[in-house]
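Chains as they are written, first to last, in our numbering: chain D, 74 to 186; chain Z, 74 to 186.
What follows is one structure encoded as structure tokens, with my remarks underneath.
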DNA sequence: CTGCCATGTAAGCAACTCCTTATGTAATGA
DNA sequence: TCATTACATAAGGAGTTGCTTACATGGCAG
């Protein structure tokens with residue numbers, strides 16, 4: 074199925090490709106045209122265009138027309154959301170604590186049985 | 074192609090699915106058997122097994138045999154790596170600064186022409 | 001041993017991904 | 001006007017994903 078309509082899924086999916094992550098890294102150096110962006114990759118231009126479409130769908134870039142060039146700009150808000158999700162699940166303290174809790178309940182279950 | 078051998082891609086790809094993110098959220102409450110894990114989802118057990126395989130491949134869970142149950146435990150190291158990548162690209166300062174720089178170069182270009 | 005329980009694996013299918021080449025489309029410049 | 005530049009879109013194909021049902025495995029209780 075993978076209908077994946079929700080924002081977070083789109084962002085993580087966009088980040089799951091090394092080429093797209095490289096594009097994002099590149100865009101940290103400032104807005105860049107598609108041609109410049111495509112140059113370092115051993116890949117056809119349409120392929121890059123399609124990657125950019127994925128990034129745009131995830132809200133990670135904006136494309137603005139500038140004469141015959143399309144200027145791509147990084148948008149970091151979706152990265153904030155992704156970061157927030159990961160951070161919420163990253164800290165081990167709660168997990169450790171709950172694991173201990175679970176262990177205690179387990180032991181109790183064993184003595185009951 | 075999507076041969077995606079690298080760690081980060083596997084992690085982001087694992088996080089790109091809502092079911093798998095829900096599983097991770099659930100595992101924050103401590104180690105859980107596959108059955109318990111599958112219970113809240115409107116999905117067959119094999120489907121969950123396959124999601125767990127993806128999570129395991131990404132290093133996000135460990136499965137240890139415990140009699141006829143498999144106990145799934147969250148591992149947060151891959152989340153650390155993912156978080157580090159996102160954090161590295163999230164801060165807007167550099168981006169803003171370079172964007173300004175670019176803008177100045179643009180203006181210079183216009184006055185030159 | 002036998003049948004149940006929890007789980008994994010296999011096979012099949014529709015949908016999606018990621019690339020390709022070929023073909024638009026819009027702005028520039030001679 | 002006509003070619004060129006910069007890019008997008010279309011069509012197609014190999015491989016992957018995410019589900020399904022059916023079957024295999026391995027521990028356990030009788």
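Backbone N, C-alpha and C fix where the C-beta goes; we use that ideal spot for every residue, glycine too.
Runs of the alpha helix (DSSP H) spanning 4 or more residues and lying entirely within the stretch 91–160 of chain D occur at 91–100, 107–111 and 118–130, in chain order.
A distance below 6 Å between beta-carbons, with the five flanking residues on each side excluded, links residue 146 of chain Z to the following residues of its chain, in chain order: 104 and 135. In the displayed model, residue 89 of chain D falls within coil according to three-state DSSP, outside both helix and strand. Residue 90 of chain D sits buried, since 16 or more C-beta atoms from the chains shown fall within 10 Å of its C-beta. At least one CB atom of chain D sits nearer than 9 Å to the CB of residue 149 of chain Z. With a threshold of 16 other beta carbon atoms within 10 Å, residue 141 of chain D falls short and is exposed. With fewer than 16 neighbouring CB atoms inside 10 Å of its own CB, residue 120 of chain D falls in the exposed class.
The shortest C-alpha to C-alpha distance from residue 161 of chain Z to any of D:88, D:86 and D:98 is the one to D:98.
If you compare the alpha carbons of D:80, D:113 and D:156 with that of residue 93 of chain D, the shortest gap goes to D:113. Distance check between residue 154 of chain Z and each of Z:133, Z:143, Z:138 and Z:139 places Z:133 closest, using alpha-carbon atoms only. Ranked by Cα distance from residue 148 of chain D, the first of D:86, D:95, D:118 and D:131 is D:131. At a cut-off of 9 Å between beta-carbon atoms, residue 114 of chain Z makes no contact with chain D.
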